[in-house]
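S.K.: Pasting a structure below so you can have a look.
Chains as they are written, first to last, in this note's numbering: chain A, 1 to 275; chain B, 276 to 567.
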């Protein structure tokens, strides 16, 4: 028994060491932003700044349009989140609780689109957004991100757990179809809505390819695209570059740390595993 | 079957936003993409019908063949390693309990939620030829420093390495859920029979977690076929086109060379490949559903 404990302890130590090594680049990036540029390029490994400074952050805030990029990111990611959840919850509810001609066909189409490679449509999405006049507009960033069949599938699964008698009873009590959806069914699945909201927002915030293509003007860029512009403008200034990176990652990192359980729940649901 | 009139109207109102956005933002662009692939149109503007000329050209385009091979190489470098590493980490993490488990899991998972540009900035700093801290490790194993993103042999494996670091947390989560579903009783019984750790892994863990492994493999395969972001940021397809991949081929033709028709042809090809893989995945999942 004692032998087993020793090997278990060693395994735990190895695990913790691996975890530290895995997270080290994150620590190293953050600590670099708190050093002076000349200390950053000193030889050797300085795990702790000799002189603490927020110079990198101040530089990024005062010399780039990061405030504007933040606004763009929040508006477009927020809009994607709200619209995707509204579209998906309504559709998932109808598919689950209502009976109407075309229901089976629609459900099969959604299942078949589960993993559609939206990214391969960049060419025609660009042409379409150009036809709408949405290049360099928030709408142009948001629209192509709205097709998320998996959100509908998840909503339907959750609404399916509620028996149809529930609906009939509420209708007899005089509720309208829409009251039923907004007042009864949606609040019953509040947990899943928050979970989906968090990962949809993180996904939209992190999306690179499409926002990068559809926006060419600096002041319309999302922050995740914009921070690569800082680099191009100043060359090797790592404290500044990484300050921009930390600022760009801050909202999603906070969202994850605050709602860790919700995030993992939503990710497993999207992959088709019930947590 | 008889439908209630009120119910039908309500249903159509509720599914309308999805159906409309699906038609405008998915069906129409897909049809348009196929149509475009038969023309010589620029990105914006009309072109002439050229029949299968683009497809013929594509099959002989050396750069496209290279891009397809590089995509395959990247898939090879990422999919199986990330699945195995994910399983190993999940097994290590699921032994732990309480706050230690939460902390260790967070350390492995945190990179996954970062934007790709942040990952890019972190690793250009880590791997900087002159000042990068990871160069000490490269020096140790390789003997000298390497400008990894400017070396045709190092570039792709390095991007693959960073990709695994970035996305592996997702796999870890799925595997932890899979491991949790294996009853402890089975291990206890095996331990009573004197089974070694390796025997337990080989005869209990591996077969019982296989459905999750298959799921992770297929998700990763589909994901990595669409590789673009990291490669574009780190190398722009260079050096000497050694990291030039399929989506980059689409991007370059459409947005830099203004060849909308030709770019659409490549997009159709990639679309087809991914759909085929997805159908295979669906089959895998169905088999899994049938067994359990």
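A virtual CB, placed ideally from N, CA and C, is assigned to each residue, including glycine.
Predicted, not measured: the structure shown is a model, and the values here were computed from it.
Take residue 445(B) and list the residues in its own chain whose beta-carbon comes closer than 7 Å to its own, dropping the five residues that flank it on each side.
M.R.: Counting from 1 along the second chain, the entry for residue 445(B) is found at position 170. Only 387 meet the Cβ criterion.
S.K.: In the DSSP assignment, what are the bridge partners of residue 239(B)?
M.R.: This structure cannot speak to residue 239(B), because chain B is shown only from 276 to 567.
S.K.: Check this for me: beta carbons of residue 33(A) and residue 242(A), under 8 Å apart or not?
M.R.: As a first step, residue 33(A) must be located in the first chain, where it is residue number 33. As a first step, residue 242(A) must be located in the first chain, where it is residue number 242. For residue 33(A) and residue 242(A), yes; Cβs fall inside 8 Å.
S.K.: Could you tell me the distance, in whole angstroms, from the CA atom of residue 110(A) to the CA atom of residue 142(A)?
M.R.: The residue given as residue 110(A) occupies position 110 in the first chain. The residue given as residue 142(A) occupies position 142 in the first chain. Each residue's alpha carbon lies about 21 Å from the other.
S.K.: Contact criterion: CB-CB distance below 8 Å. Does residue 431(B) meet it with respect to chain A?
M.R.: The residue labelled residue 431(B) in the question sits at position 156 within the second chain. No, because no Cβ of chain A sits closer than 8 Å to the Cβ of residue 431(B).
S.K.: Quick one: what does DSSP say residue 153(A) is sitting in, helix, strand or coil?
M.R.: Here residue 153(A) refers to the residue found at position 153 when the first chain is read from its first residue. The answer is helix: DSSP assigns residue 153(A) an H, G or I state.
S.K.: Mind checking residue 335(B): buried by the 16 CB within 10 Å criterion, or exposed?
M.R.: On the second chain, position 60 is the one that residue 335(B) refers to. When all chains shown are included, residue 335(B) counts as exposed.
S.K.: The alpha helix (DSSP H) spanning residue 374(B) covers which residue range?
M.R.: The residue labelled residue 374(B) in the question sits at position 99 within the second chain. It spans 373-384 - the alpha helix (DSSP H) in which residue 374(B) sits, taken as one unbroken run.
S.K.: So the candidates are 505(B), 347(B), 527(B), 448(B); which of them puts its Cα closest to the Cα of residue 491(B)?
M.R.: Numbered from 1 along the second chain, position 216 holds the residue referred to as residue 491(B). Among 505(B), 347(B), 527(B), 448(B), the Cα nearest to that of residue 491(B) is on 448(B).
S.K.: Could you tell me the distance, in whole angstroms, from the CA atom of residue 536(B) to the CA atom of residue 349(B)?
M.R.: Position 261 of the second chain, counted from the first residue, corresponds to residue 536(B). Position 74 of the second chain, counted from the first residue, corresponds to residue 349(B). When rounded, the distance between both Cα atoms is 26 Å.
S.K.: Just verifying my parser: in three-state terms, what is the DSSP assignment at residue 223(B)?
M.R.: Look at the range of chain B in this structure, 276 to 567, and you will see that residue 223(B) is not part of it.
S.K.: What residues in the segment 43-66 of chain A bring their beta carbon closer than 8 Å to a beta carbon of chain C?
M.R.: Here the protein chains are A and B, and chain C is not one of them.
S.K.: Closest by CA to residue 318(B), which one among 196(A), 272(A), 220(A), 213(A)?
M.R.: Walking along the second chain from the start, residue 318(B) turns up at place 43. Measuring from the Cα of residue 318(B), the nearest candidate turns out to be 213(A).
S.K.: Taking the alpha carbon of residue 87(A) as the point to measure from, which residue in 175(A), 237(A), 220(A), 181(A) has its own alpha carbon closest?
M.R.: Within the first chain, residue 87(A) is the residue found at index 87, counting from 1. Residue 87(A) has its Cα closest to that of 181(A), out of 175(A), 237(A), 220(A), 181(A).
S.K.: Strictly under 8 Å for the Cβ-Cβ distance: is residue 400(B) near chain A by that measure?
M.R.: As a working mapping, residue 400(B) is identified with position 125 in the second chain. For residue 400(B), the answer is yes, since a Cβ of chain A falls inside 8 Å of its Cβ.
S.K.: Is residue 81(A) close to chain B? Criterion is C-beta to C-beta, closer than 8 Å.
M.R.: Position 81 of the first chain, counted from the first residue, corresponds to residue 81(A). Chain B contact via Cβ: absent.
S.K.: Report the option in 226(A), 254(A), 253(A), 27(A) whose CA atom is closest to the CA atom of residue 68(A).
M.R.: By 1-based counting over the first chain, the position of residue 68(A) is 68. With distances taken between Cα atoms, residue 68(A) lies closest to 226(A).
S.K.: Is the shortest distance between the beta-carbon of residue 356(B) and the beta-carbons of chain A less than 8 Å?
M.R.: By 1-based counting over the second chain, the position of residue 356(B) is 81. Chain A contact via Cβ: absent.
S.K.: I need the DSSP call for residue 404(B), collapsed to helix, strand or coil.
M.R.: Translated into the one-based positions of the second chain, residue 404(B) becomes position 129. Coil.
S.K.: Would you identify the three-state DSSP class for residue 221(A), choosing helix, strand or coil?
M.R.: In the first chain, counting from the first residue as 1, residue 221(A) sits at position 221. DSSP places residue 221(A) in coil when its eight states are reduced to three.
S.K.: From the beta carbon of residue 296(B), is the nearest beta carbon of chain A less than 8 Å away?
M.R.: Position 21 of the second chain, counting from 1, holds the residue named residue 296(B). Output row for residue 296(B): interface = yes.
S.K.: Quick one: does residue 86(A) have its CB under 8 Å from some CB of chain B?
M.R.: If you number the first chain from 1, residue 86(A) lands on position 86. True, the Cβ-Cβ gap to chain B drops below 8 Å.
S.K.: By how many angstroms is the C-alpha of residue 41(A) removed from the C-alpha of residue 483(B)?
M.R.: Here residue 483(B) corresponds to residue number 208 of the second chain, with the count starting at 1. Here residue 41(A) corresponds to residue number 41 of the first chain, with the count starting at 1. So the two alpha carbons sit approximately 50 Å from each other.
S.K.: For residue 463(B), report the span of its alpha helix (DSSP H) as first-last.
M.R.: Here residue 463(B) corresponds to residue number 188 of the second chain, with the count starting at 1. Element bounds for residue 463(B): 459-467.
S.K.: Based on Cα-Cα distance, which residue from 287(B), 312(B), 411(B) lies nearest to residue 331(B)?
M.R.: Indexing the second chain from 1 puts residue 331(B) at position 56. Out of 287(B), 312(B), 411(B), 312(B) has the C-alpha closest to the C-alpha of residue 331(B).
S.K.: Counting along the chain, where does the alpha helix (DSSP H) carrying residue 337(B) start and finish?
M.R.: The sequence position of residue 337(B) within the second chain is 62, counting from 1. Element bounds for residue 337(B): 337-370.
S.K.: Let's see if you can read the secondary structure: which residues bound the alpha helix (DSSP H) around residue 515(B)?
M.R.: Position 240 of the second chain, counted from the start, is the residue given in the question as residue 515(B). Premise fails: residue 515(B) is in no alpha helix (DSSP H) and is neither H nor E.
S.K.: Please look up how many angstroms separate the CB atoms of residue 49(A) and residue 39(A), rounded, as I've assumed it's under 8 Å.
M.R.: Position 49 of the first chain holds residue 49(A). Position 39 of the first chain holds residue 39(A). That belief holds up - the Cβ atoms of residue 49(A) and residue 39(A) are roughly 7 Å apart, short of 8 Å.
S.K.: Going by C-alpha to C-alpha distance, which of 82(A), 90(A), 136(A) sits closest to residue 184(A)?
M.R.: Sequence index remark: in the first chain, residue 184(A) carries index 184 (1-based). Comparing Cα positions, the closest option is 90(A).
S.K.: List the residues of chain A whose Cβ lies closer than 8 Å to the Cβ of residue 332(B), in chain order.
M.R.: To locate residue 332(B), count along the second chain from 1; it is residue 57. Near residue 332(B) there are no residues of chain A at all, since even the closest Cβ is about 17 Å away, more than 8 Å.
S.K.: Since residue 205(A) and residue 252(A) should fall inside the 8 Å C-beta cutoff, what is the C-beta to C-beta distance between them, to a whole number of angstroms?
M.R.: Taking the first chain and counting its residues from 1, the one referred to as residue 205(A) is at position 205. Taking the first chain and counting its residues from 1, the one referred to as residue 252(A) is at position 252. Going by Cβ atoms, the distance from residue 205(A) to residue 252(A) rounds to 5 Å, so yes, they are a contact pair.
S.K.: Out of 471(B), 500(B), 517(B), which one is the CA nearest neighbour of residue 551(B)?
M.R.: In the second chain, the residue the question calls residue 551(B) occupies position 276. Ranking 471(B), 500(B), 517(B) by Cα distance to residue 551(B) puts 500(B) first.
S.K.: At a CB-CB cut-off below 9 Å, which residues of chain A make contact with residue 287(B)?
M.R.: Position 12 of the second chain holds residue 287(B). By Cβ distance, chain A contributes 94, 100, 102.
S.K.: For residue 244(B) versus residue 346(B), is the C-beta spacing smaller than 8 Å?
M.R.: Because chain B in this structure spans residues 276 to 567, residue 244(B) falls outside the shown range and cannot be described.
S.K.: Whether or not the segment 424-438 of chain B and the segment 503-522 of chain B are in contact is what I'm after, with contact meaning three or more pairs of Cβ atoms, one per stretch, closer than 8 Å; do they touch?
M.R.: Yes, since at least three Cβ pairs between the segment 503-522 of chain B and the segment 424-438 of chain B fall closer than 8 Å, the two stretches touch.
S.K.: So the candidates are 371(B), 540(B), 489(B), 533(B); which of them puts its Cα closest to the Cα of residue 358(B)?
M.R.: Mapped onto the second chain, residue 358(B) falls at position 83. Ranking 371(B), 540(B), 489(B), 533(B) by Cα distance to residue 358(B) puts 489(B) first.
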